[in-house]
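Visitor: Take a look at this one; I'll ask things after.
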Amino acid sequence: MYSLGVLMFDLLYQAPGNTAQEQAAGRCQALRQLHQRCLPAPFLLQFAAVIILTLLHPSPSERPSEADLLQSSMLRQVVAALAAGPLPPHPHHHE
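Mapping of the sequence shown onto our numbering: residues 15 to 109, in sequence order.
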């Protein structure tokens, strides 16, 4: 379940930056902080943040089971947001 939390974060996080290099550096920094359960601010999807932090709990017994996750209304919100199309750009992203 921990790996699923990392994967979900990677799919949903849009690192700020004006260039691909700046965005890659921001993404690497965010992934390092993720190990400590620190999400970058602002993380666009708050309901996704709750799921991600739960999946990244240091104690495996505190992480949701597959069944619990599949029944979660928050997971349905994440799926609906992804199905609706591309996420809006990061508020600090400049094109």
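Glycine residues also receive a C-beta, built at the ideal position from the N, C-alpha and C atoms.
The model shown is predicted, which means the values in this text are computed figures rather than measured ones.
Considering Cα atoms alone, identify which of Thr33, Phe23, Ala94 and Ala98 is closest to proline 54.
Guide: It is Phe23.
Visitor: Let's test the definition: count the other Cβ atoms within 10 Å of the Cβ of proline 19 and tell me whether it reaches 16, buried, or not, exposed.
Guide: Checking the sequence, you will find glycine at residue 19 rather than proline. Its Cβ being crowded by 16 or more others within 10 Å, glycine 19 is buried.
Visitor: Ordered along the chain, which non-local residues of its own chain (more than five positions away) have a Cβ less than 6 Å from that of isoleucine 66?
Guide: Correct list, in chain order: Gly19, Met22 and Phe23.
Visitor: With DSSP as the reference, label arginine 90 as helix, strand or coil.
Guide: Helix at arginine 90.
Visitor: Would you mind sorting tyrosine 16 into buried or exposed? The rule is 16 or more other CB atoms within 10 Å of its CB.
Guide: With fewer than 16 other Cβ atoms within 10 Å, it is exposed.
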